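Enquirer:
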Amino acid sequence: MQYDDKSRVQKLKKRSVVKPTEARNRVELFRHLPQYEHGTQLPVLQSKFFQLDTLHPAVYKVGLQYLSGDICGGNARCIAMLQAFQEAIRDYSTPPAKTLSRDLTAKISSYVSFLIDCRPLSVSMGNAIRFLKSQIAKIPISLSESEAKATLHSDIERFINEKIILADRVIVKHAVTKIRDGDVLLTYGSSSAVEMILQHAHELGKQFRVVIVDSRPKHEGKLLLRRLVRKGLSCTYTHINAISYIMHEVTRVFLGASSVLSNGTVYSRVGTACVAMVAYGFHIPVLVCCEAYKFHERVQLDSICSNELGDPDSISKVPGREDINHLDGWDKSENLQLLNLIYDATPSDYVSLIITDYGMIPPTSVPVIVREYGRGQLWI
Amino acid sequence: MPDTQALVMTFLTSLKNATARQTAELLRSVISQQRVPYTNQAGALIDAVKAVGEQLIAANPVELAVGNIVRRVLHIIREEDLSLTTAAIGELNLSAVSDDENDDDRDGNTTLSAAAVAAAARSTLRPPSLQTLLEDTPVSAAVPQTSSSGAADKSSRSRKLKHDVIEAVNELIQDIVTCHEQIAEQAVEHIHQNEVILTLGSSRTVSEFLFAAKEKKRSFRVFVAEGAPRYQGHLLAKELVARGLQTTLITDSAVFAMISRVNMVIVGAHAVMANGGVIAPVGMNLVALAAQKHAVPFVVLAGSHKLCPLYPHNPEVLLNELRSPSELLDFGEFSDCMDFGSGSGSPLLHVVNPAFDYVPPKLVSLFITDAGGHNPSYMYRLIADYYSADDLVVQRRAIAGN
Numbered sequence: 013m014q015y016d017d018k019s020r021v022q023k024l025k026k027r028s029v030v031k032p033t034e035a036r037n038r039v040e041l042f043r044h045l046p047q048y049e050h051g052t053q054l055p056v057l058q059s060k061f062f063q064l065d066t067l068h069p070a071v072y073k074v075g076l077q078y079l080s081g082d083i084c085g086g087n088a089r090c091i092a093m094l095q096a097f098q099e100a101i102r103d104y105s106t107p108p109a110k111t112l113s114r115d116l117t118a119k120i121s122s123y124v125s126f127l128i129d130c131r132p133l134s135v136s137m138g139n140a141i142r143f144l145k146s147q148i149a150k151i152p153i154s155l156s157e158s159e160a161k162a163t164l165h166s167d168i169e170r171f172i173n174e175k176i177i178l179a180d181r182v183i184v185k186h187a188v189t190k191i192r193d194g195d196v197l198l199t200y201g202s203s204s205a206v207e208m209i210l211q212h213a214h215e216l217g218k219q220f221r222v223v224i225v226d227s228r229p230k231h232e233g234k235l236l237l238r239r240l241v242r243k244g245l246s247c248t249y250t251h252i253n254a255i256s257y258i259m260h261e262v263t264r265v266f267l268g269a270s271s272v273l274s275n276g277t278v279y280s281r282v283g284t285a286c287v288a289m290v291a292y293g294f295h296i297p298v299l300v301c302c303e304a305y306k307f308h309e310r311v312q313l314d315s316i317c318s319n320e321l322g323d324p325d326s327i328s329k330v331p332g333r334e335d336i337n338h339l340d341g342w343d344k345s346e347n348l349q350l351l352n353l354i355y356d357a358t359p360s361d362y363v364s365l366i367i368t369d370y371g372m373i374p375p376t377s378v379p380v381i382v383r384e385y386g387r388g389q390l391w392i
Numbered sequence: 004m005p006d007t008q009a010l011v012m013t014f015l016t017s018l019k020n021a022t023a024r025q026t027a028e029l030l031r032s033v034i035s036q037q038r039v040p041y042t043n044q045a046g047a048l049i050d051a052v053k054a055v056g057e058q059l060i061a062a063n064p065v066e067l068a069v070g071n072i073v074r075r076v077l078h079i080i081r082e083e084d085l086s087l088t089t090a091a092i093g094e095l096n097l098s099a100v101s102d103d104e105n106d107d108d109r110d111g112n113t114t115l116s117a118a119a120v121a122a123a124a125r126s127t128l129r130p131p132s133l134q135t136l137l138e139d140t141p142v143s144a145a146v147p148q149t150s151s152s153g154a155a156d157k158s159s160r161s162r163k164l165k166h167d168v169i170e171a172v173n174e175l176i177q178d179i180v181t182c183h184e185q186i187a188e189q190a191v192e193h194i195h196q197n198e199v200i201l202t203l204g205s206s207r208t209v210s211e212f213l214f215a216a217k218e219k220k221r222s223f224r225v226f227v228a229e230g231a232p233r234y235q236g237h238l239l240a241k242e243l244v245a246r247g248l249q250t251t252l253i254t255d256s257a258v259f260a261m262i263s264r265v266n267m268v269i270v271g272a273h274a275v276m277a278n279g280g281v282i283a284p285v286g287m288n289l290v291a292l293a294a295q296k297h298a299v300p301f302v303v304l305a306g307s308h309k310l311c312p313l314y315p316h317n318p319e320v321l322l323n324e325l326r327s328p329s330e331l332l333d334f335g336e337f338s339d340c341m342d343f344g345s346g347s348g349s350p351l352l353h354v355v356n357p358a359f360d361y362v363p364p365k366l367v368s369l370f371i372t373d374a375g376g377h378n379p380s381y382m383y384r385l386i387a388d389y390y391s392a393d394d395l396v397v398q399r400r401a402i403a404g405n
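Those protein sequence lines, which keep their order, are chains Z and F.
For the first sequence, the numbering used here gives the first residue as 13, with consecutive numbering after it.
For the second sequence, the numbering used here gives the first residue as 4, with consecutive numbering after it.
1) Looking at C-alpha atoms only, which residue of Ala231/F, Gly204/F, Arg246/F is the closest neighbour of Leu222/F?
2) When the Cα of Glu10/Z is compared with those of His338/Z, Ala187/Z, Leu198/Z, Ile148/Z, which residue comes out closest?
3) Using the Cα positions of Ala257/F and Lys365/F, report the straight-line distance between them to the nearest angstrom.
4) Since Lys306/Z contacts Val182/Z with CB under 8 Å, what's their CB separation in whole angstroms?
5) Out of Thr250/Z, Arg239/Z, Arg89/Z, Leu235/Z, point me to the one whose CA is closest to Ile172/Z's CA.
6) Taking the CB atoms as reference points, tell me whether Met382/F and Leu332/F lie closer together than 8 Å.
7) Which residues in chain Z have a C-beta closer than 7 Å to the C-beta of Phe259/F? List them in chain order.
8) Alpha carbon to alpha carbon, how far is Cys302/Z from Thr181/F?
9) Along the alpha helix (DSSP H) that carries Gln147/Z, what are the first and last residues, could you check?
10) Output, in sequence order along the chain, the residues in the stretch 268-300 of chain F whose CB is closer than 7 Å to any CB in chain Z.
11) Measuring only the C-alpha atoms, how far is Gly70/F from Thr42/F?
12) Looking only at C-alpha atoms, which of Glu384/Z, Met372/Z, Thr248/Z sits nearest to Ala179/Z?
13) Helix, strand or coil for Val382/Z per DSSP?
14) Spatial neighbours of Tyr123/Z within its chain, please: CB distance less than 6 Å, with the 5 preceding and 5 following residues excluded, ordered by chain position.
15) Along chain Z, in chain order, which residues have C-beta atoms closer than 8 Å to that of Asn356/F?
16) What does Thr254/F touch in chain Z if you count any residue whose Cβ is under 9 Å from its own?
17) For Thr114/F, name the three-state secondary structure that DSSP assigns.
18) Counting C-beta neighbours from all protein chains within 10 Å, is the total for Met394/Z 16 or more, i.e. buried, or is it exposed?
19) Find the nearest neighbour of Phe97/Z within the set Ser80/Z, Ala109/Z, Ala118/Z, Leu79/Z, judged by alpha-carbon distance.
20) So who's on the other strand from Phe226/F, going by DSSP bridges?
21) Step through the CB atoms of chain Z and report whether any lies within less than 8 Å of the CB of Leu196/F.
22) Answer yes if the stretch 292-303 of chain F comes into contact with the stretch 321-339 of chain F, meaning at least three C-beta pairs across the two stretches below 8 Å, and no otherwise.
23) Can you tell me which of Gly341/Z, Ile316/Z, Leu321/Z, Leu67/Z puts its alpha carbon nearest to the alpha carbon of Ser328/Z?
24) Give the DSSP bridge partners of Gln219/Z, in chain order.
25) Check this for me: beta carbons of Val278/Z and Val272/Z, under 8 Å apart or not?
26) Give me the Cβ distance between Val298/Z and Ser364/Z, rounded to the nearest whole Å; I'm assuming they're in contact under 8 Å.
27) Under 8 Å, do Phe212/F and Leu67/F count as touching if we go by C-beta distance?
28) Is Tyr381/F close to chain Z, meaning its C-beta is less than 8 Å from at least one C-beta of that chain?
29) Name the DSSP beta bridge partners of Ile282/F, please?
30) Check whether the Cβ of Arg238/Z lies closer than 8 Å to any Cβ atom in chain F.
31) Distance check for Ala92/Z and Ile406/F, CA to CA, integer angstroms please.
32) How would you call Ala285/Z, buried or exposed, if buried means at least 16 neighbouring beta carbons within 10 angstroms?
33) Excluding the five sequence neighbours on either side, which residues of its own chain have a C-beta within less than 8 Å of the C-beta of Ile128/Z, listed in chain order?
34) Determine the DSSP secondary structure at Cys247/Z, reduced to helix, strand or coil.
35) In the DSSP assignment, what residue or residues form a beta bridge with His377/F?
36) Please classify Asn105/F as buried or exposed, where buried requires at least 16 other C-beta atoms within 10 Å of its C-beta.
Put into structure tokens, the structure is as follows:
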């Protein structure tokens with residue numbers, strides 16, 4: 013993915029279904045990353061629906077949902093993609109004179125590049141795709157087509173069940189042991205694992221308070237807030253700037269992650285690093301909840317070498333505050349750039365504990381898990 | 004003094020937008036309308052200013068600049084009175100030497116004057132010296148009683164005191180108004196070529212500082228963090244772009260991610276406390292911690308009228324304002340969560356929206372004021388220049404026996 017190399021970008025544009033509109037006013041520091049504007053793609057894609065016969069409709073639907081932001085969060089995206097692939101495999105039939113494994117792999121690759129055009133892959137999706145491709149490659153030639161498709165279907169089902177659904181249950185079981193009566197728990201944004209932990213602890217009858225920290229431009233915390241208050245938890249809501257003010261009352265910090273890298277760096281929603289840094293400054297334990305299938309052998313030191321850029325227009329406007337309109341027409345001035353980072357990298361010193369389905373481990377043990385339970389043994 | 008009271012009342016109602024300059028102008032009119040008695044006119048002025056100052060500070064204690072200016076004016080009154088006294092003493096001594104026949108008459112006066120000089124010298128305006136330490140006379144908190152040495156001198160001196168004080172207050176107002184230029188003059192010493200500067204929110208001092216560097220042809224880029232929930236960063240970004248500076252607007256959550264590529268953080272302050280700590284718009288502590296982690300200098304620009312002689316005890320609570328939650332949550336959206344009927348009868352949902360943040364002095368690398376650049380550990384010394392120790396608590400002393 014080298015978007016500062018012009019020749020590669022040209023090749024990519026020719027192949028892609030989704031025609032990216034070049035972002036105006038590119039931020040120099042992020043020239044190596046794609047800077048597209050997603051908002052304008054949706055109507056174009058919707059009109060093209062009946063013309064794309066190379067694409068399975070289920071995959072197309074999932075791609076549109078990514079583009080519009082309806083499906084958000086590592087687990088949700090991964091499950092949606094795998095279920096779409098399940099449907100695509102069910103409807104698949106091998107063309108004559110081709111082997112199933114090679115042709116199916118090529119088809120899956122084309123689906124994946126469509127999904128990348130809609131929205132860059134998350135680490136969880138990347139690991140799931142690698143699993144699927146390795147399973148396809150393992151199918152013996154002697155197997156009939158219907159049997160092969162049934163095997164793949166059940167493999168995907170098992171992956172979703174073991175690596176995501178059951179893993180979450182194990183994480184919740186481990187994590188509630190870390191919550192005591194009288195705790196004030198802080199969480200940032202909206203993480204599915206942390207939400208499950210809080211709900212389960214509340215059902216067990218533990219007495220605690222929750223602080224939800226939110227930030228622009230997605231305001232994901234508002235959705236979590238609504239769901240938790242519905243369940244009867246006592247919540248405090250604030251924005252990330254006020255974190256030094258609220259951290260005095262907090263006893264534990266629970267964070268979710270998009271991925272944990274091999275040097276212990278936690279790669280998750282932008283702002284997580286700020287929260288972890290302030291918590292570390294106040295000597296408050298930071299617990300990261302992450303399923304093991306999201307671990308990756310890549311290493312990363314800062315948030316700039318690899319990231320995702322979102323729609324800059326969502327920064328120039330503030331929903332609900334019409335008076336903040338100083339930046340209308342920002343694209344006309346070439347001196348102004350708006351930067352909407354999606355992820356950031358939290359250094360491992362700020363993290364006290366990572367709760368995974370393999371147990372509760374320190375950040376330094378992540379490469380051990382990646383190596384010992386890596387591909388091959390992972391999918392028993 | 005009904006006129007001044009009316010002025011004070013209108014001022015209090017508009018205290019939301021009170022600035023240091025307006026406070027100084029108000030106090031100037033209070034002083035000019037105050038009628039001073041013949042004896043101890045400085046004391047009368049001080050009482051009048053304290054009366055008004057008490058009301059101003061009580062109306063909005065978080066607006067520290069108001070209290071600062073009140074204390075500055077009190078210090079000015081004491082200083083002017085002291086310089087007038089020493090000048091008068093000087094005259095008296097000369098006349099005593101030249102006129103020997105009237106020694107007996109003058110004796111009482113000169114001894115009183117000597118005591119007055121000692122008492123004045125012992126006041127905190129002068130550092131203690133051996134002479135004052137060995138004096139026996141009790142320390143008087145009030146300004147020394149000047150001896151009666153002629154009615155003519157007296158009335159001219161009273162007019163002179165008010166006149167001097169008003170002149171000094173005018174100088175103070177001038178300083179407040181021109182502090183931006185004096186700080187901006189130092190911009191070239193700190194910004195070189197190809198720099199990347201980060202700032203949060205919007206501050207007039209910071210924008211003037213950056214413009215001055217741009218005028219001097221320094222090339223640099225600016226990252227502006229938007230400073231939710233007031234979003235003043237948007238304003239600053241617009242101004243900087245209009246002047247031709249390369250600006251990138253980022254969200255506050257991206258500060259840690261971007262600070263590794265930043266050379267310097269330059270911010271403004273709401274107030275600077277006596278220990279060198281900074282009261283700044285919310286989010287500043289986050290930036291300061293991130294800057295410390297990445298060894299990026301954290302520079303605070305503040306005019307000298309923002310320097311407060313108070314020590315910050317529990318500043319997150321006592322020197323903070325909690326603003327309306329509607330800036331964070333739309334009430335219409337969340338009205339169903341504000342259910343008072345559950346359990347203890349209190350709502351399950353609380354919203355916290357503080358306006359200010361406290362940055363401890365160890366996170367600040369440098370203060371740039373209109374009097375030059377200083378370390379945080381030096382700020383307490385500047386207080387001795389601008390304030391008197393008697394004025395830390397602005398309260399009228401109860402007059403005994405009344």
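C-beta atoms are modelled at their ideal positions from N, C-alpha and C, and glycine is treated no differently.
Here the structure is a predicted model, which is why all the values come from computation and not from measurement.
Expert: Here's the rundown:
1) Correcting the residue type first, residue 222/F is Ser in the shown sequence and not Leu. If we check each option's Cα against that of Ser222/F, Arg246/F comes out closest.
2) Here chain Z has residues from 13 to 392 only, and residue 10/Z is not among them.
3) 23 Å
4) Actually they are not in contact, since the Cβ atoms of Lys306/Z and Val182/Z sit about 14 Å apart, beyond 8 Å.
5) Arg89/Z
6) no
7) Going along chain Z in sequence order, the residues near Phe259/F (Cβ under 7 Å) are Ala285, Cys286, Met289, Asp356.
8) 55 Å
9) It spans 135-149 - the alpha helix (DSSP H) in which Gln147/Z sits, taken as one unbroken run.
10) Val285, Gly286, Asn288, Leu289, Leu292, Ala293, Lys296
11) 28 Å
12) Met372/Z
13) helix
14) Val71
15) Thr250, His251, Ala254
16) Under the 9 Å cutoff, chain Z gives Ser227, Arg228, Pro229, Ile252, Val282, Gly283, Ile327, Leu351, Asn352, Leu353.
17) Confidence in Thr114/F is poor, its pLDDT being 46 and thus under 50, which makes the residue's placement unreliable; the coordinate value appears in the next sentence. Correct three-state label for Thr114/F: helix.
18) Absent from the structure is residue 394/Z, since the part of chain Z shown begins at 13 and ends at 392.
19) Ala118/Z
20) Leu201/F, Thr251/F
21) Correcting the residue type first, residue 196/F is Gln in the shown sequence and not Leu. By this cut-off, Gln196/F is not an interface position.
22) Short answer: they don't touch.
23) Gly341/Z
24) According to DSSP, Gln219/Z bridges with nothing at all.
25) yes
26) 5 Å
27) no
28) It does not: the Cβ of Tyr381/F has no partner Cβ on chain Z nearer than 8 Å.
29) Beta-bridge partners assigned by DSSP to Ile282/F: Ala274/F, Tyr361/F.
30) yes
31) With chain F represented from 4 up to 405, any question about residue 406/F goes unanswered, as that position is not in the structure.
32) buried
33) none
34) In the structure shown, Cys247/Z sits in a strand (DSSP, three-state: E or B).
35) Phe370/F
36) Only weak support exists for where Asn105/F lies, its pLDDT of 46 falling under 50; the value from the coordinates is given anyway. Classification of Asn105/F: exposed, given that the 10 Å Cβ count is below 16.
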